[in-house]
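The next block holds one structure in the form of structure tokens; read it before the comments.
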Amino acid sequence: MATRRETEAKKRRLKEDARRECGAGDLRPGSPLPPMTALAERYGLSINVVRAVVRELSAEGILYTVPRLGTFVGRPEPSARQVYALVLPGLPAPEHSFYRQTQFGFEGRLAQLGGSSVALSAETLRSWGASAEPLALAGLFDFTDSVPEASTWLPALTDATPDLARVVFTSRGALPPGADSVGFDDADGGQQAAVHLLRRGHRRVAFLALHPPNPTAESFDWSVERERGWSAALHAEGLATDDLAFHPAANPPPDRQTEAALLPALDVARRSEVTAVVTVNDYAAMALFQALHDLQRPAEQWPALVSFDDRLNAAGYFVTSLRLPWEELGRDAADLLWDRHHGRLTGPSQRREAPLRLVSRLTCRPRWTVAAGEAVLTGITRDWLSSFPSEITL
2 MATRRETEAK KRRLKEDARR ECGAGDLRPG SPLPPMTALA ERYGLSINVV
52 RAVVRELSAE GILYTVPRLG TFVGRPEPSA RQVYALVLPG LPAPEHSFYR
102 QTQFGFEGRL AQLGGSSVAL SAETLRSWGA SAEPLALAGL FDFTDSVPEA
152 STWLPALTDA TPDLARVVFT SRGALPPGAD SVGFDDADGG QQAAVHLLRR
202 GHRRVAFLAL HPPNPTAESF DWSVERERGW SAALHAEGLA TDDLAFHPAA
252 NPPPDRQTEA ALLPALDVAR RSEVTAVVTV NDYAAMALFQ ALHDLQRPAE
302 QWPALVSFDD RLNAAGYFVT SLRLPWEELG RDAADLLWDR HHGRLTGPSQ
352 RREAPLRLVS RLTCRPRWTV AAGEAVLTGI TRDWLSSFPS EITL
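The opening residue of the sequence shown carries number 2 in the working numbering; numbering runs sequentially from there.
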């Protein structure tokens, strides 16, 4: 075993070699540092000691570390030639909206990597693309599904910049040629929701969807995927699902989701043997609560519930929810753009799916309404609609 003096001497040699090689240009700024294990073997040090030395060199500005990517030479300095644009349907985004959360993740990650970012509306990017001196972009992250008019002008922009890296947010639909994509692991989310209820003793767990029984290409992909995960969880327990999935007759408009879910929600609410429900999102959850109220089903018989999006919690209700990690989505998009632009990622289009996180609250428990109390249930039925956008009406 090396003595403390020998260890200190090896640490000094590692530091001096790193300073000399970085200063002489043997290790170029932005190039990756050799793996920790290789350095540990070369200098006869433990991994923990090498990590401590790297932290000290990072504090001096000789190295910098990017989480999940590694340690690099130099200090990350934003470059005007490395501007990455995030295109949002509307700016400025409300403070607590998922667009703002995505922006935080995207911009924060690029700052770590050493790139510059800009958040633009679709109209602003279109105008810049048509200007005499268009903005030189290294990468573009856009919500094509939410900006349908982008299809008329984005091709010209990407054709003018053939090496432009591009990432698109989609559920699981077809991608533009050459683009990578980010999204959420909705099937796993549906499975998490069902497993959570099954572990609490429920055996008749229904699913309230927002896509029709025979989905088409225009259906909500995320609704289809969440049902697929729910079904897989029940089948893994040997349980049938044939009569437990409830759908609207047709694809609803995005601003009429609660209204579209009301009829299938009434069917769910009439099924007294259903003790738990996975609702595909909080608009469907709102329809279910409205149906239970309209049918005057006794509160002590209300089913347990797991939903998605976590909007109801923000509105003051304690619904168990699968939370969508929008900041992580923004970070994933930044990583893909950076790696494409710098040649670290080549070949076919890649897709990264951020896992949904289940937050367990009162509504997942059997007989949760007894614990909730009459005042809370009255508030749910009386104040429900005021918590949601005014265009969502029943």
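C-beta: ideal position from N, C-alpha, C; glycine also.
Per DSSP, Asp186 is not a residue of any beta strand (DSSP E), being assigned neither H nor E. Take Ser308, set aside five residues on each side of it, and the residues of its chain with a beta-carbon closer than 6 Å to its own are Thr280, Asp283, Ala286, Val320 and Ser322, in chain order.
Ser118 counts as buried, since at least 16 other C-beta atoms from the protein chains shown sit within 10 angstroms of its C-beta. Within the DSSP secondary-structure output, Pro33 pairs in a beta bridge with Phe73. The beta carbons of Glu329 and Ala355 sit closer together than 7 Å. When DSSP reads this structure, Phe309 sits in a beta bridge with Leu323.
Fewer than three beta-carbon pairs drawn from the region 239 to 248 and the region 339 to 358 are found closer than 8 Å, and the two stretches are therefore not classed as touching. Looking at the DSSP output, Thr242 bridges to nothing. In chain order, Val54 place their CB closer than 6 Å to the CB of Lys12, counting only its own chain and leaving out the 5 sequence neighbours on each side. Selection Glu9, Pro367 and Trp223 evaluated against Arg200 yields Pro367 as nearest (Cα-Cα).
Judged by pairs of C-beta atoms under 8 Å, the region 287 to 304 does not touch the region 233 to 244, as fewer than three such pairs exist. Between Gln351 and Leu337, the beta carbon gap of about 6 Å places them in contact (Cβ cut-off 8 Å). Taking all protein chains in view, the Cβ of Ala39 is surrounded by fewer than 16 other Cβ atoms within 10 Å, so the residue is classified as exposed.
Annotation: Ala120 to Ser172 spans about 22 Å, alpha carbon to alpha carbon. Taking a 10 Å sphere around the C-beta of Thr276, we find 16 or more other C-beta atoms and assign the residue as buried. The C-alpha of Ala334 lies about 45 Å from the C-alpha of Arg5.
If you look at Leu89, you'll find it in the beta strand (DSSP E) that goes Val84 to Leu89.
Taking the C-beta atoms as reference points, Leu357 is found nearer than 7 Å to Phe185.
Cβ neighbours of Ala207 within its own chain (closer than 8 Å, five residues either side excluded): Leu245, Ala246, Phe247, Val269, Arg272, Val275, Ala277, Val278, Val279 and Pro304.
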